[in-house]
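Enquirer: Dropping the structure in here first, questions after.
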Ligand SMILES: [Mn+2]
Ligand SMILES: [Mn+2]
Ligand SMILES: [Mn+2]
Ligand SMILES: [Mn+2]
Ligand SMILES: [Mn+2]
Ligand SMILES: [Mn+2]
Ligand SMILES: [Mn+2]
Ligand SMILES: [Mn+2]
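Chains as they are written, first to last, in my numbering: chain A, 1 to 251; chain B, 252 to 502; chain C, 503 to 753; chain D, 754 to 1004; chain E, 1005 to 1255; chain F, 1256 to 1506; chain G, 1507 to 1757; chain H, 1758 to 2008.
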């Protein structure tokens, strides 16, 4: 089954939930943070996460990483659920995408039909609620109404092939992989925004004039037109989750 | 009574009304100010306060410290009342919070019921007007309609226990205390805004890439997502008044 | 009469129309300008003025110095009229203020009543048109509808006392004078915006972290909350024209 | 005919389509780009172009260079068409201007009337669609509804005289030419925005405090009030295409 | 006598010994200082003075403000003497200049001849020692051997006329006075170094690209070629003591 | 005995040898370092230490932290000895000071007399060599000839009282202790240089315009005249080892 | 004769002696200067010249523009002579080069032989003194002993051909000419130093990261290895005088 | 033989002699250079090389990349020889190292014994002269007397094994190789200087706070204590030549 296929003890994205440079490693450096917020981009690193109860969710702590208050047209956040936690529903006409960083969640749609999601599943949710059987770390994107011009087919058809491969071919929500030494061919400048969560590996992200060493667990917001480029370094693959708004008239 | 309990001659927050580094100490330094306004935060220090008559108030001088013109969704200001001064009412659907920095004020609600407030009282006002018996220094926050999702119970129930303790448990309007050497555990990055008035003590506030020495009497505005951190220094407790907008969907 | 009183040959504000550091003095410095535009203020110096025909005016060249495109809620511009030039009317519900820097203009209101204005007159215009008998240099402010809460009495009553004194006591549009060595007592931080035209003298303007040498003919825009301070230098009085939006609730 | 007149083998604006400093010359410089995005201007150089299918167009790749997401009120982009490519129509009430950088396109209006455009033609399109006979590189501007106060006469009258001269006298969309050593007389500061594509030559563009070497193929966005200045250098003429919004009340 | 002439109770340069912005005024601002040290200049303000016993002096505390360790070819320091304090002698071939900021000192030359100095006396010392009858604050300059090409005649001849006037006509050690609004005509760039102590008044010092508000009690070091300019502000005269090395071949 | 008194298992300065933010915690952040080198100061953090064999020492790895190549007049380094390691002798006329961060060393003077040193001992060495019985981490200062004007009495007399107290009263080589919240009273500007090793605790070091979070294990170099200030934070004492050159004529 | 050949009334390098942007044009801009001094270059513009009597010269005022105090190994200065002025001799083993910017001087060598120099003559002087018949403006370079490896033949042979051409072929002291639009092919980085005086024309000088508009009368110092580049602009030729130390081993 | 072993037509380090981003690619970008010179490091890229005849060499052009004038204690330069070119000898007590980037040279020692060197040979030269049979590009280091504490055995013994391996084991002159994605483990801070020539590949060099994309042909100087780090990117190996001064007492 879908669930059984990840029977190895080592969590898939363990450096997101337990980063090499954890907040406790910085406990003796008063005032130090790698987090940076500029008008055209932000780097949000684990020691800056502020968790508080999510409104309309039960028994869940969440940390908002990106929101319209910084100039984005979407919300990106991390939700920590426990056994018995239950999500609220997305506001009307708002699309919600879920990536299960760690653990298992059950989706229940308005007809009461349930489906279990596990780590590595990126899923589109319009009216479903989420409940949790085990401790979970979710990565969520909320999109403003009307910003997307296409729809993902209901996830049941997609679940199987997603387990062992890149699963969402539409470029709007990409899983990007880089081998060590590999980098973006284009030093991109475009009108699209990005929300990014680094799942595996490490490298250098250039954003505007700034160069940031990044590692798994770091999140990035890129405003429209910020020059951007990534190079993967070290001995393991880099994988990141990338939101990009496309297929719309920029006017 | 509530009023009598502060019979000591020394005003509670005397460094707010009479800062160690008063404007007169800077009178020989033409053009010098510690005030700073950047796109994601502001430090407003006493030598920059511009007092002028408050519209709709009688016999009151006010200095606006924060307003939507700088990107905030609230107004924070200081009002200097004298005996016989009387406030205007807040605009309709606008919530007003009052903190009496020094002196005594009388609240009168629409039914004509009065209540006396003294230093250290943080109070929620929807339709009450304020009049003053003695010279007062008030710290006020105006909040835009609809931004808060809960209500404080009418202050009469709250007055007594507020005198000698932290009194407003909801995190939205906090009194934060730090012992010397204590600092914020998290180098916070969040979508919420802050309005802050330093009531006692001194320390270092990091806002984005800037580090500011601050002391009682200084005010701060923090835009969403500015990295922020405080450390208390010296030999006395730091206490500050903190506005934070919470409990709402950031989308 | 009002007009006769300025019978001296030397124009009143000759350094505005003929600055000590004229554009021709900079003709051999390719790319050099003292003009500066930052997010919270702008300095606009004569070599950067771009004159083009004013829409709806006849035979008039204008240079816009401040506009909402830079974050202001008003328009400030200089209009060069010649004999026979005629203004357009302000858009409906828009207030217009005129300061005659040099020359003579005739006001005609909707009833056809005319009135002659000369240098040094700051005047409120709602529906009047302006025509010119001699070459004029006007300094104009356009204010968005509803931003002012008071009205100036029709200028006929004001003309006489205005000639030899500061004439507009309301603080919203001030004539500010400084003797050499004099400076602003407060290093101001406030929610109000400013539009400024330096009519006489020279000094140093501090805006945020920047210090600017300024002289007659320079114009400045100050966004809300930019720390600001001026000191007059040299051997003559500094006089500047200052727009400030006051008397309104900043919420 | 119009088409025959450019029978020389060398394309007119070959450095736009094949810049001296092509993306491949930078392939060994990881993370290097000359592109720059600041709050008041942007330089977009060829190695930063991101081409993807244009929505509503058939068989066409486009790269957006300027859009409202960066603060502009227009869209500027480059479209690569092939034989048989066909454009979508502009959104209703949106004006579209086309400059054929290389190749041939056919315009078809709603009545089915066709007209062929070739390199060097800047044309106004309200309801026409474009189809391509040969490989084309188009430079397009989309303008928001209502921003222009005048109309260009239908292009059929303009085509003939446009071939060998500067063809659009209204200043809103200018072809600007500079001989080597020539520079802008005024260091301009104005409320108007610009979109610029450098067609021939090279020089220095000063934007705010920054000085940029530029060459054919570079594109620039200038926000309102950014101080701006250009000097042409080298041995050949500089020619650039310039959008400027004029003839409207800046309030 | 020389001494009696300053019988007014108010010390002459009281703001040097008791500055408006004293260290105690800054005691609640942890880490704040106006002092600045750059490669081409330094501003040393009172809260940064570090006093320790002066080697070879008895019962005297001194604070070095300028030394060769920062690139200067002289030493400038402040010495606090008490009754009975006695200086060491200058090293051989080193010239020493003394300005008595406050109090009285007695000079004794090698022949045992004594002379009393009081506030406002700038004096050249080669082999004399200084002893103190009352609490003194001295400002001293040590000059490296061979750097001066002229000699001051023994002070006995100079004492009388020095009391009420500028007393040292050679430009090497100047007393500079400015009336409010007055400023340096030349924005100087020269190979000479300066050591400066502000005795009275306040103003703005521009050093390189930096603008510093300064007041009595502040000291400045200027390296060769730093662009420099001063403007006096406020209601009282500015007076400063200025060391400048002149009359030598700069090769 | 002196040695026995530290019988607790926990090493005294364990955060120097095993810092909270060890190099391995930064292994996934390519290119990241907290180290900073400016013309007037340097922060050298553990992930930047380059260890290589020390010339003239046997079986010892050393990392130079400060040297004259950066403008200092001393050398500061860390030496890792093992059982059987043996130091070279200091160059002639060079003074050497040793602080045993961890472990035990034996001093042997030219007469063959030995003495055992343990953690916390700061010792003056002119001609002694050092050998090691166990793994050691030494902190050494080399001073150029003639820079010190006093001598420490041979360590045998000093050993006993050093164990439980601050042991070197001369200010030249200080152990500085701060309780949490405590800070330097003076924002120091002086001609003296410093070499500093943070042994315990954490806080903020201001150097010039920069503010650095620091923790045990960090080293600092301060050039003459860099403004400097420290505040201790957290729950434990800060202790640092400080070299300062005093008691000499700065000319 | 040599002298007669410049009989036109218009001085050759009149913009050096009377710059378009003269100090008097900046008299109303307190504190403003275009002069800039950085560690690797300096721009010295006319409003910053400080003239004082030249030691060992009679009746001459000089302004030093470059000296070893800024890191150069030469001195560059301007000397204003009058009728009857007489120079001192260069120090022994020091070479002196003279360029007559305006007027006439007479050279007298040790044998008493005289020779008249006029504008445009660059001349090598080892032991000659200079006397002046008419008001002169000289540009002089002093070179430290031993830095040059070749010698110029005594000027008498060179005078004639120098009048109407570039006269000093050795690259060490060059006259550089640029036509409008022309620029340096190489963005030079080299170990050699430069002293430069702009005699005619205007353009842009890039020095390190800085871009400077320059015009006739401006002087520049370039330290070793500062990246450097010039482009001539406007309608007239640029000519500058350039000192460069070559032909020596840089070790 | 040594020479025959490189019989492949493709030169070994062709990107040094013919860089991907050649000066001609930048010919249309007036004033643009990637070269940077700061106080603690320099990047020297091909478009900034200034070639001129090398003193004491015949028929050779050289470009100095590093010299003591920038703070180094060595000289690094590139020499272009042609058939028949002949070097001068190094100054007495100066050591010279040669790396043949391209072509063949013959060494002749004082006894007249010759030896042929080819590309990839790094060789120590004390008294040998170099002559060239074919066009050569040499990379040379000159070291000041006494800076090295060891000697390389005469090259004849070393030639054979050098051809296909890293050949100089002493760390002082290293060949460093990195596979794509590989980076320096330590973010180094040390007292040693570096001279570096990138022979193959590309990556990112961090120097102090700056991040530089670099490619084959770029040269770097690193002053003592500049924090430094390299990461190799792309698909091919990075190889660079690195000078480092070690094995000496840093005092
Ligand atoms: Mn992208
Ligand atoms: Mn917070
Ligand atoms: Mn104001
Ligand atoms: Mn323009
Ligand atoms: Mn001076
Ligand atoms: Mn200190
Ligand atoms: Mn050069
Ligand atoms: Mn290294």
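Where a beta carbon is used, it is the ideal one built from N, C-alpha and C, also for glycine.
Going along the chain, which unbroken runs of the beta strand (DSSP E) with 3 or more residues stay wholly within the region 534 to 575 of chain C?
Expert: 538 to 540, 543 to 546 and 563 to 568, all fully within the region 534 to 575 of chain C.
Enquirer: Give, in chain order, every unbroken run of the beta strand (DSSP E) that is at least 3 residues long and sits entirely within the region 1698 to 1748 of chain G.
Expert: List check, beta strand (DSSP E) in window: 1700 to 1706, 1708 to 1713, 1716 to 1721, 1725 to 1728 and 1734 to 1739.
Enquirer: So, under 8 Å CB-CB, residue 221 of chain A and residue 42 of chain A are touching, yes? Tell me the CB distance rounded to an integer number of Å.
Expert: Their Cβ separation, rounded to whole angstroms, is 4 Å, which keeps residue 221 of chain A and residue 42 of chain A in contact under 8 Å.
Enquirer: Given a cut-off of 8 Å on the beta-carbon distance, is the pair residue 1827 of chain H and residue 1731 of chain G in contact?
Expert: Contact flag set, yes.
Enquirer: Can at least three beta-carbon pairs, one atom from the region 1047 to 1063 of chain E and one from the region 1098 to 1108 of chain E, be found at a separation below 8 Å?
Expert: Output reads no: the region 1098 to 1108 of chain E does not touch the region 1047 to 1063 of chain E.
Enquirer: Are the C-beta atoms of residue 208 of chain A and some chain H residue less than 8 Å apart?
Expert: Chain H, which has no Cβ nearer than 8 Å to the Cβ of residue 208 of chain A, makes this no.
Enquirer: Give a yes or no on whether the minimum CB-CB distance between residue 1036 of chain E and chain C is below 8 Å.
Expert: No, residue 1036 of chain E lies away from the interface with chain C (no Cβ there is under 8 Å from its Cβ).
Enquirer: Kindly indicate the opening and closing residues of the beta strand (DSSP E) around residue 1104 of chain E.
Expert: Note, residue 1104 of chain E: beta strand (DSSP E), 1099 to 1106.
Enquirer: Could you check whether residue 60 of chain A and residue 45 of chain A sit closer than 8 Å to each other, using their CB atoms as the reference points?
Expert: Taking 8 Å as the Cβ cut-off, residue 45 of chain A and residue 60 of chain A do not qualify as a contacting pair.
Enquirer: Is the beta carbon of residue 1453 of chain F closer than 8 Å to that of residue 1470 of chain F?
Expert: Yes.
Enquirer: Please classify residue 1321 of chain F: is it buried, with 16 or more other beta-carbons within 10 angstroms of its beta-carbon, or exposed?
Expert: By the neighbour-count rule (16 or more Cβ atoms within 10 Å), residue 1321 of chain F is buried.
Enquirer: Residues of chain A with CB under 8 Å from residue 439 of chain B, in chain order?
Expert: Ordered by position in chain A, the residues that pass the 8 Å Cβ test against residue 439 of chain B are 48 and 50.
Enquirer: Let me make sure I understand the geometry here. Which of C/703, C/610, C/691 and C/680 has the alpha-carbon closest to that of residue 730 of chain C?
Expert: Cα-wise, what sits closest to residue 730 of chain C is C/691.
Enquirer: Quick one: grab the DSSP three-state call for residue 610 of chain C.
Expert: Of the three classes helix, strand and coil, the one that applies to residue 610 of chain C here is strand, per DSSP.
Enquirer: Just to check my reading of the structure: residue 1594 of chain G and residue 1563 of chain G have Cβ atoms closer than 8 Å, yes? What is that Cβ distance to the nearest angstrom?
Expert: With 8 Å as the limit, residue 1594 of chain G and residue 1563 of chain G qualify as a contact, their Cβ atoms being about 5 Å apart.
Enquirer: Is DSSP giving residue 1277 of chain F helix, strand or coil here?
Expert: Coil at residue 1277 of chain F, not helix or strand.
Enquirer: In the DSSP output, which residue or residues are listed as bridge partners for residue 530 of chain C?
Expert: Paired residues: none, contrary to the question.
Enquirer: Between residue 295 of chain B and chain C, is any beta-carbon pair separated by less than 8 Å?
Expert: Closer than 8 Å: yes.
Enquirer: Using a beta-carbon distance cut-off of less than 7 Å, what residues from the region 1723 to 1739 of chain G approach chain D?
Expert: Residues 1737, 1738 and 1739.
Enquirer: Using DSSP bridges, identify the partner residues of residue 1934 of chain H.
Expert: Paired residues: H/1996.
Enquirer: Please return the same chain residues whose Cβ sits closer than 6 Å to the Cβ of residue 605 of chain C, not counting the five positions on each side in sequence.
Expert: Cβ neighbours of residue 605 of chain C beyond the five flanking positions: 636, 637 and 638.
Enquirer: Beta-carbon of residue 1561 of chain G versus every beta-carbon of chain H: anything under 8 Å?
Expert: No, because no Cβ of chain H sits closer than 8 Å to the Cβ of residue 1561 of chain G.
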